[in-house]
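Enquirer: Okay, so the sequence shown: first residue is 928 according to my numbering, each after it adds one.
Cβ coordinates follow ideal geometry from the N, Cα and C atoms, glycine included.
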Amino acid sequence: MVYLLLVNISLVLFFGLYRLALKPLTFFQWNRIYLLSAVILSICMPLLQMLDLSAHKDMYEPLRMVNFTEADAIVLSTDSQSRQAISPMQWVGIAYGIGVVVMFLWLCWRLYGLSSLVRQNEKENHSFSFFNRIFIGKNVFSPSTVYSHEKVHVQQGHSYDILFLEVVRIFNWFNPVLHWYIKELKLQHECIADEQCAVDKVQYAELLVTNALRVPAGTLEHEFSNHSFLKKRIKMLFKHKSKGINRWKYIAILPMGLLVSGVAVGFNDSLSHRMKESIGNITNLHLDRDDAIEHLPLSTGQDTIIAFSDLEMKPEPKGGMDGFRKWILASYEYPQEAIDAGIKGRLEVSFVVEKDGSLSTFGVVKDIKYGTAEALIETLKKADKWMPGIHNGKKVRVSYVLPMTLNLESDESPKIPAQITPKKGSNPSNAATENLSEVNVHPDPVGGLAVFRKWVQENYQYPQEAIDVGVKGKMEVSFVIEEDGSLSTFKAVKDPGYGTAEALIAVLKKAEKWHPAVIAGQPVRSSFSFPLTINLQP
């Protein structure tokens, strides 16, 4: 919808510039190129609002701030009665679709009628051209001059110009400015041909009048004596040629194009932090935060595997745990058997980070069956090497247990474990201490993110305007978690409109203080991007 709006606003702006500055000029070929370029730019430039520009997001992040994105989007929906009604926006979509179908059928009917006319060649008093075909009526005056005129249309491919604009009009049928584009383009075509064939202007004008007959409105072919253009063609035929210096006016298309591009980029929401979509439309997968990862000692026939709490430098994936979690979310392939069974729950997989950073010795600690743990192991086997753990100045082998929660019910939020249960033989107190001190600690609401998400669901007030139009989609609100844990600097970075993002900000402003992020033992300000999915459709 936004794309269509931008396209048609652009068409109006470009045509307004043409009417004000370019139409009076006698640079007919330049006018033709301008009109075609205006339509092409109007179609292409709004596509900038669809491009994923998130690769450049680092340019926009504030300095000295740690940035986190919530791993799971809350899915909100209204009651079934609200969802069953067809919203006004849906009616608009239906009306648009009907208009497209009607315009397509109308174009097909006109093409069929033209093809029938070409086959039958009934217009004995008319002369016209269409694509590479020229037809000269038996009773026309000065057929050689008429033929030369129609030949210009064929050589320059004027029929392709008109057909292109007719196709564009199908998808923008509600915008009357396209009718003017087509009319003006046809006029420029006729003026181009007249300019090349009118050796004697007076005699040529008389020939136009003599051959002028009634031509059906909306014709696709180029009619030599089209009465709707007759007066304008004669006027342009005798008009003094425009001075060459006036060609600089065509440069105005560049700032107009930049304006449209800037507006399109302004509607691009990918410059904000993007969360990873759930796998497919039916799966909802969550990789638990790194403070829920167990780090266990293990003894094998090889070198001793050091307990995580005893390390001088802890092993870490390249790009950090946030990047590793996102990679897991993107790479994990849900087993079809698990999808069919609607399986959900928590699984845990252990592995060893070797001295060279490679992952090995994979094992299933907790399994929910249906191949889910095996699928996670297969994903981990494809992971890049980690930075190994360091103990007493030497690289050592370290074990990890990676928990992950799976949920195939898309209308429920995955649960984040409130606590971890270490394996027998591990030291839970040490593990917990290491997770909350000396290492980078993520900001976290009191009670955990699961409780916070539930609180948002319970307190979010749907704007009546959003309910009326049946809005749906994903919004995202960023905020800063201050050093004291308070939330500030709220901003809607992705907004479906109709007050939905403002309602989420109003809820977040009422939230209790969080546990702030910690780096090197010191609390720091951090930005957080919180996604929320709303769906008012059945």
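Of the choices Lys1253, Gly1084, Arg1160, Met1183, whose alpha-carbon is the least far from that of Val966?
Expert: Translated into the one-based positions of the sequence shown, residue 966 becomes position 39. Closest by alpha carbon: Met1183.
Enquirer: How about the region 1384-1403 and the region 1450-1463: do they share at least three Cβ pairs that are nearer than 8 Å?
Expert: As far as the Cβ criterion goes, the region 1384-1403 touches the region 1450-1463, which means the pair count is three or higher.
Enquirer: How many whole angstroms separate the CB atoms of Asp1283 and Pro1315, which I take to be in contact at a CB cut-off of 8 Å?
Expert: Within the sequence shown, residue 1283 is the residue found at index 356, counting from 1. Within the sequence shown, residue 1315 is the residue found at index 388, counting from 1. Between Pro1315 and Asp1283 the Cβ distance is about 7 Å, and since that is below 8 Å, they are a contact.
Enquirer: Here's the rule: buried if 16 or more other CB atoms are within 10 angstroms of the residue's CB, otherwise exposed. What is Val1095?
Expert: On the sequence shown, residue 1095 is found 168 positions in, with the first residue counted as 1. Buried: at least 16 other Cβ atoms inside 10 Å.
Enquirer: Report the three-state DSSP secondary structure of Ile1446 (helix, strand or coil).
Expert: Position 519 of the sequence shown, counting from 1, holds the residue named residue 1446. If DSSP states are grouped into helix, strand and coil, Ile1446 belongs with the strands.
Enquirer: Going by DSSP in three states, Arg1273 sits in which element: helix, strand or coil?
Expert: The residue given as residue 1273 occupies position 346 in the sequence shown. Strand at Arg1273.
Enquirer: If you run the structure through DSSP and keep just helix, strand and coil, what is Lys950?
Expert: For this step, residue 950 is matched to residue 23 along the sequence shown. In this structure, Lys950 counts as coil in the three-state DSSP scheme.
Enquirer: Could you tell me which residues DSSP puts in a beta bridge with Arg1060?
Expert: Start at 1 with the first residue of the sequence shown, and residue 1060 comes out as number 133. Paired residue(s): Phe1057.
Enquirer: How many angstroms separate the CA atom of Leu1469 from the CA atom of Ala1179?
Expert: Here the chain has residues from 928 to 1465 only, and residue 1469 is not among them.
Enquirer: Along the chain, where does the alpha helix (DSSP H) containing Ala1300 start, and where does it finish?
Expert: As a working mapping, residue 1300 is identified with position 373 in the sequence shown. 1299-1308 is the span of the alpha helix (DSSP H), which, as asked, contains Ala1300.
Enquirer: In this structure, what does DSSP give as the bridge partners for Ile970?
Expert: Start at 1 with the first residue of the sequence shown, and residue 970 comes out as number 43. DSSP lists no partner for Ile970.
Enquirer: Roughly how many whole angstroms lie between the Cα atoms of Val1019 and Gln976?
Expert: Numbered from 1 along the sequence shown, position 92 holds the residue referred to as residue 1019. Numbered from 1 along the sequence shown, position 49 holds the residue referred to as residue 976. The alpha-carbon atoms of Val1019 and Gln976 are separated by roughly 22 Å.
Enquirer: Rounded to whole angstroms, what's the CA-CA distance from Ile1408 to Leu1435? Just pull it up for me.
Expert: For the purposes of this step, residue 1408 is identified with residue 481 of the sequence shown, where counting begins at 1. For the purposes of this step, residue 1435 is identified with residue 508 of the sequence shown, where counting begins at 1. Cα to Cα, Ile1408 sits roughly 11 Å from Leu1435.
Enquirer: Three Cβ pairs or more, each shorter than 8 Å: is that satisfied between the region 1424-1444 and the region 1366-1383?
Expert: Yes, they touch.
Enquirer: Just how far apart, CA to CA, sit Tyr1259 and Lys1312?
Expert: The count along the sequence shown starts at 1 and reaches residue 1259 at position 332. The count along the sequence shown starts at 1 and reaches residue 1312 at position 385. Between Tyr1259 and Lys1312, the C-alpha separation is close to 18 Å.
Enquirer: Going by DSSP, what residue range makes up the alpha helix (DSSP H) through Leu1185?
Expert: Taking the sequence shown and counting its residues from 1, the one referred to as residue 1185 is at position 258. Its alpha helix (DSSP H) spans residues 1180-1193.
Enquirer: With distances taken Cα to Cα, identify the nearest neighbour of Pro973 among Leu1185, Phe1417, Leu949, Ala1120.
Expert: Walking along the sequence shown from the start, residue 973 turns up at place 46. The candidate whose alpha carbon is nearest that of Pro973 is Leu1185.
Enquirer: Please state whether DSSP places Ala965 in a helix, a strand or coil.
Expert: Residue mapping note: residue 965 aligns to position 38 of the sequence shown, counting from 1. DSSP places Ala965 in helix when its eight states are reduced to three.
Enquirer: Would you kindly report the start and end of the unbroken alpha helix (DSSP H) that includes His1080?
Expert: Position 153 of the sequence shown, counted from the start, is the residue given in the question as residue 1080. Looking at the DSSP string, the run of the alpha helix (DSSP H) that includes His1080 is 1070-1083.
Enquirer: Short check: CB of Leu938 to CB of Ser969, under 8 Å?
Expert: The count along the sequence shown starts at 1 and reaches residue 938 at position 11. The count along the sequence shown starts at 1 and reaches residue 969 at position 42. Contact: yes.
Enquirer: Is there contact here, the region 1086-1102 with the region 1124-1131, by at least three beta-carbon pairs under 8 Å?
Expert: No, they do not touch.
Enquirer: Below 8 Å between beta carbons: does that hold for Val893 and Val1280?
Expert: In the structure as shown, the chain begins at 928 and stops at 1465. Residue 893 is therefore absent and cannot be evaluated.
Enquirer: Grab the span of the beta strand (DSSP E) containing His1318 for me, first residue to last.
Expert: Translated into positions along the sequence shown, residue 1318 becomes position 391. Note, His1318: beta strand (DSSP E), 1316-1318.
Enquirer: Which term fits Ser1427, buried or exposed, when burial requires 16 or more other beta carbons within 10 angstroms of its beta carbon?
Expert: Indexing the sequence shown from 1 puts residue 1427 at position 500. One point to set straight first is that residue 1427 is Thr, not Ser, in the sequence displayed. The residue in question, Thr1427, is buried, as its Cβ has 16 or more Cβ neighbours within 10 Å.
Enquirer: Tell me whether Phe1091 sits in a helix, a strand or coil according to DSSP, three-state version.
Expert: Numbered from its first residue, the sequence shown carries residue 1091 at position 164. Three-state result, Phe1091: helix.
Enquirer: Is Leu1092 near Leu1114, with beta carbons less than 8 Å apart?
Expert: In the sequence shown, counting from the first residue as 1, residue 1092 sits at position 165. In the sequence shown, counting from the first residue as 1, residue 1114 sits at position 187. The answer is no: Cβ separation not under 8 Å.
Enquirer: What residue from Val1192, Leu949, Arg1380, Gln1388 has the CA that sits closest to Ile1172's CA?
Expert: Residue 1172 sits at position 245 when you count from the first residue of the sequence shown. Residue Leu949 is the option with its Cα nearest to Ile1172.
Enquirer: Rounded to whole angstroms, how far is the Cβ of Thr1072 from the Cβ of Leu1134, which I believe are closer than 8 Å?
Expert: Translated into the one-based positions of the sequence shown, residue 1072 becomes position 145. Translated into the one-based positions of the sequence shown, residue 1134 becomes position 207. At roughly 6 Å, the Cβ-Cβ gap stays under 8 Å, so Thr1072 and Leu1134 are in contact.
Enquirer: Tell me the DSSP secondary structure of Trp1175 in three-state form.
Expert: Within the sequence shown, the letter at position 248 stands for residue 1175. In the structure shown, Trp1175 sits in a helix (DSSP, three-state: H, G or I).
Enquirer: Short of 7 Å in beta carbon distance, which residues of its chain neighbour Ser1169, apart from the five on each side in sequence? Order them along the chain.
Expert: Taking the first residue of the sequence shown as 1, we reach residue 1169 at position 242. The residues are Leu952, Thr953, Phe954.
Enquirer: Just to confirm my understanding: we take Leu940, look at its own chain, exclude 5 residues before and 5 after, and list those with CB closer than 8 Å. What are they?
Expert: Translated into positions along the sequence shown, residue 940 becomes position 13. Once the five neighbours on either side are set aside, the close Cβ partners of Leu940 are Met1183, Leu1186, Val1187.
Enquirer: Considering only the beta carbon of each residue, do Ile1270 and Ile1304 sit closer than 8 Å?
Expert: As a working note, residue 1270 is residue 343 in the sequence shown. As a working note, residue 1304 is residue 377 in the sequence shown. No; because the gap between Cβ atoms is not below 8 Å, this pair is not in contact.
Enquirer: Are the beta-carbon atoms of Glu1264 and Gly1298 separated by less than 8 Å?
Expert: As a first step, residue 1264 is located in the sequence shown; it is residue number 337 there, counting from the start. As a first step, residue 1298 is located in the sequence shown; it is residue number 371 there, counting from the start. Contact flag set, yes.
Enquirer: Kindly indicate which residue of Ser1056, Gly1189, Ala1310, Ser1287 has the alpha-carbon position closest to the one of Pro1244.
Expert: Taking the sequence shown and counting its residues from 1, the one referred to as residue 1244 is at position 317. When each option's Cα is compared against that of Pro1244, the closest is Ala1310.
Enquirer: Quick one: Cα of His1076 to Cα of Ile1119, how far?
Expert: Taking the sequence shown and counting its residues from 1, one reaches residue 1076 at position 149. Taking the sequence shown and counting its residues from 1, one reaches residue 1119 at position 192. When rounded, the distance between both Cα atoms is 9 Å.
Enquirer: Within the same chain, show all residues whose beta-carbon is closer than 7 Å to that of Pro1070, passing over the 5 residues directly before and after it, in chain order.
Expert: Start at 1 with the first residue of the sequence shown, and residue 1070 comes out as number 143. If we look at Pro1070 and ignore the five residues flanking it on each side, its Cβ neighbours are Ile1063.
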